[in-house]
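Numbering (our numbering), first residue to last: 110 to 192.
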């Protein structure tokens, strides 16, 4: 509900900024390890991740959230393999 309110209020950038901050925190505190990949070392990778994940979330919500959150996690994992 809160996410939809932010979207409808035109505050999409707030969602992206929050995701980016969490992602950077997780990486800096070794909860996730992206430092071993070329992508993970790129200074723009956190921004890329935030934009991609939030855009996908928004589209999922607009389409009625037909997939479960677990299914969306699997879909995102497949999308980020880049192979």
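Just so you know, even glycine gets a beta-carbon here, dropped at the ideal spot from N, CA and C.
Residue 145 carries a coil assignment under DSSP once its states are collapsed to helix, strand and coil. Shown here, residue 182 sits in a helix according to DSSP, grouped into three states. Distance from residue 155 to residue 125 at the Cβ level is roughly 10 Å; contact not present, criterion being Cβ atoms closer than 8 Å.
Boundaries of the alpha helix (DSSP H) around residue 132: 121 to 137.
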